[in-house]
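Input: a single structure, listed below in structure tokens.
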Amino acid sequence: MTGAPEGESVSLDLLKKKMIEFAKERDWEQFHSPRNLLLALVGEVGELSEIFQWKGEVPKGLPDWKEEEKVHLGEELSDVLLYLVQLSDICGIDLGKAALRKVELNAAKYPVSKKKSQTDNNVTGSC
Ligand SMILES: [Mg+2]
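Numbering of the sequence shown is given in the numbering used here, commencing with residue 19 and proceeding in unit increments.
Shown next as structure tokens:
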């Protein structure tokens, strides 16, 4: 079950609605405070980190990984995304709009003209 027709992208709004429905059906909304969701998110980031722990650098596309490792990676990435979507929603933040605004802020902070002259500095580090 993917929840989306083949070839169609999945929106943040769809994920938000699915998570609201999921929590409501289980009466879990009572546990979904901003703090609890943040801590759950951090826990999932830890689970995601475990996948890469001790592997050293891995090439883009993960060509040497087994299929089940990639499936597991997708699951943990999803856990992080879903808690992030829930946290944003419960805090009243439109995550899509906030992310687009942040991209614009980053573009202004790191103009293309400076790209080549700052390769030794922290150009891609802290946004
Ligand atoms: Mg997980």
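A virtual CB, placed ideally from N, CA and C, is assigned to each residue, including glycine.
Mapping DSSP to helix, strand and coil, what is residue i?
| i | result |
| --- | --- |
| Val28 | coil |
| Gly79 | coil |
| Lys36 | helix |
| Ser51 | coil |
| Gly74 | coil |
Which stretch, first to last residue, makes up the alpha helix (DSSP H) that contains residue i?
| i | result |
| --- | --- |
| Ala116 | Leu113 to Lys127 |
| Gln104 | Glu85 to Ile108 |
| Ala22 | Premise fails: Ala22 is in no alpha helix (DSSP H) and is neither H nor E. |
| Glu47 | Neither: Glu47 is in no alpha helix (DSSP H) and is coded neither H nor E. |
Please state if the CB of residue j and the CB of residue i are separated by a distance shorter than 7 Å.
| i | j | result |
| --- | --- | --- |
| Gly92 | Leu30 | no |
| Leu102 | Leu59 | yes |
| Glu62 | Asp97 | yes |
| Pro23 | Ile108 | no |
My assumption, with CB atoms under 8 Å, is that residue i sits in contact with residue j. Please give the rounded CB distance.
| i | j | result |
| --- | --- | --- |
| Leu56 | Leu105 | 6 Å |
| Ile111 | His90 | No, Ile111 and His90 are not in contact; Cβ-Cβ is about 29 Å, not under 8 Å. |
| Leu80 | Lys88 | 6 Å |
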